[in-house]
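Peer 1: Sharing a structure, written as structure tokens. Questions coming.
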Amino acid sequence: SYFFKDLSHNKLSSIKTGILDHLHSLQEVKLNNNELEIIPDLGPVSANITLLSLTSNKIANILSEHLKPFQRLETLDLSNNNISELKISSFPSLQLKYLYINSNRITSMEPGTFDNLSTTLQVLKLNRNKISAIPQKMFKLSHLQHLELNRNKIRKIDGLTFQGLPALKSLKLQRNGVTRLMDGAFWGLTNMEVLQLDHNNLTEVTKGWLYGLLMLQQLHLSQNAISRISPDAWEFCQKLSELDLTFNQLARLDDSSFVGLSVLVGLYIGNNKVNYIADCAFKGLSSLQILDLKNNEISWAIEDMNGAFSGLDKLRKLILQGNRIRSITKKAFSGLDALEHLDLSNNAIMSVQGNAFSQMKKLKEL
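Count the sequence shown with the working numbering and you get residues 692 to 1057, in order.
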């Protein structure tokens, strides 16, 4: 008897009644790459199925009555279909844990759509759709841990948008063209650890939109248009351990730019326009191990400044490649006693003062 039945790539537009009735121990059914227009009726075996995969079909609607027979369903994959809206009538009460509706045509979602799944749903993926707005109280899912909304058209996120997701661990919002995050945009996500906002159009980091992210550990802001970090931006993000600001428009790193990030381990600011680093810009980053400043314009900062890296006594890796650095003074790297890897490649270094590298006893790579 079958535990698993794969009927993918069969050009099926419907499933004959009774065709699976003899498969009493059937638990997983894959009907990917067929011509199905509705979620099929699989007969009595539906009651035991835990995984149903219907990717790459022609399903346009999710109807509650079609899903009702699947009382033990834990994983439902409807990716790559023709679904354009999610409604309150879409989902009956199910024990669903994993729901994937990537690569559809979803433009609208009715508040309450997922309410019947609220006690069990752990992962919800809605990547590559046409969602332009998230209604208030859209996600009341007390057990949801991972929510993915990459490659939609969400330009603005209002305050309290994600209220109702107390267990969320990660949120992905890459490639949405987000220009504005309103104050309290992520409020309520008190257990969230990873926030991915890469490839959007954000221009600044402020404490207003970071409000409430008390447990955030990783913040990914690569490929935005960020030119400003407001002075008290990190007030609510004291647990941050990794901050990716690569490929943005930052020109200055001020004394206040990274205040409060005492447990930050990795700071990535490569491929910006940094030409000014304040003397105390990195002060207080007492846990920092990796600092990546590649492809900026900080030549003079290394040449003239007096120990901007002082205080980084745990730093193991410093990347300064591609910065037009011409000379290195003996105080340039003072304080970097733990440094193991220093990358000065792709610079135009002409002179190095004696003892410039002398206090870095652990240096392995230069």
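Note that CB positions come from ideal geometry on N, CA and C, so glycine has one too.
1. So which of Ser716, Thr894, Leu743, Met873 has the shortest CA-CA distance to leucine 787?
2. Expressed to the nearest angstrom, what Euclidean distance is found between the alpha-carbon atoms of alanine 1047 and serine 1025?
3. Can you name, in chain order, every residue of its own chain whose Cβ lies under 6 Å from the Cβ of glutamine 854, other than the five neighbours on each side?
4. Taking DSSP's pairing of strands, which residues face lysine 696 in a bridge?
5. Decide if glycine 961 is buried, meaning its Cβ has at least 16 other Cβ atoms within 10 Å, or exposed.
6. For aspartate 736, does the three-state DSSP call read helix, strand or coil?
7. Please say whether leucine 812 and leucine 840 have beta carbons closer to each other than 7 Å?
8. Compare the beta carbon distance of glutamine 723 and serine 704 with 7 Å and say whether it is the shorter of the two.
9. Please go through the stretch 944-1016 and give each complete beta strand (DSSP E) segment of 3 or more residues, from N-terminal end onward.
10. Taking only three categories from DSSP, how would you classify aspartate 806?
11. Taking the DSSP output, what are the residues bridged to glutamate 776?
12. Starting from glutamate 839, follow the beta strand (DSSP E) in both directions and report where the run begins and ends.
13. Taking C-alpha atoms, which residue in Leu931, Val965, Tyr959 lies nearest to leucine 952?
14. Threonine 1020 CB to nearest chain D CB: under 7 Å?
15. Quick check on the DSSP output: the alpha helix (DSSP H) that includes lysine 898 runs from which residue to which?
16. Determine the extent of the beta strand (DSSP E) in which histidine 1032 is found, giving its start and end residues.
17. What's the gap between the Cα of glycine 1013 and the Cα of asparagine 1037?
18. Just the Cα atoms here: how many angstroms apart are glycine 1002 and glutamate 1056?
19. Thinking C-alpha only, which one of Phe805, Leu893, Thr810, Ala824 is nearest alanine 916?
20. For glycine 903, is the classification buried or exposed, using 16 other Cβ atoms within 10 angstroms of its Cβ as the cut-off for buried?
21. Just to confirm before moving on: does the CB-CB distance between valine 885 and serine 861 stay below 7 Å?
22. Applying the criterion that 16 or more other CB atoms from any shown protein chain within 10 Å of the CB defines a buried residue, is isoleucine 710 buried or exposed?
23. Start and end of the alpha helix (DSSP H) containing serine 755?
24. For leucine 886, write down the residues that DSSP places opposite it in a beta bridge.
25. Do serine 770 and asparagine 748 have their beta-carbon atoms positioned less than 7 Å apart in this structure?
26. Use the C-beta contact count for proline 735: other C-beta atoms within 10 angstroms, 16 or more gives buried, fewer gives exposed.
27. Report all residues from its chain with a CB closer than 8 Å to the CB of lysine 696; omit the five preceding and five following residues, and keep chain order.
28. Please list, in chain order, all residues of the same chain as tryptophan 925 whose beta carbon is under 6 Å from its beta carbon, the five residues on each side excluded.
29. Am I right that tyrosine 959 and alanine 942 are in contact with their C-beta atoms under 8 Å? What's the rounded C-beta distance?
Peer 2: Walking through what the data contain:
1. Leu743
2. 8 Å
3. Gly879
4. Val720
5. buried
6. Here the sequence assigns valine to residue 736, which means aspartate is not the residue at that position. Residue state, collapsed to three classes: helix.
7. no
8. First, the amino acid is wrong: residue 723 is asparagine here, not glutamine. No, Cβ-Cβ distance for asparagine 723 and serine 704 is not below 7 Å.
9. 957-959, 981-983, 1008-1010
10. helix
11. Ser799
12. 837-839
13. Leu931
14. The structure shown has no chain D; it contains just one protein chain.
15. 898-901
16. 1032-1034
17. 5 Å
18. 21 Å
19. Leu893
20. buried
21. yes
22. exposed
23. 755-758
24. Leu862, Leu910
25. no
26. exposed
27. Leu711, Leu714, Leu717, Glu719, Val720, Lys721
28. Gly951, Leu952
29. Actually they do not touch by this definition, with Cβ atoms about 17 Å apart.
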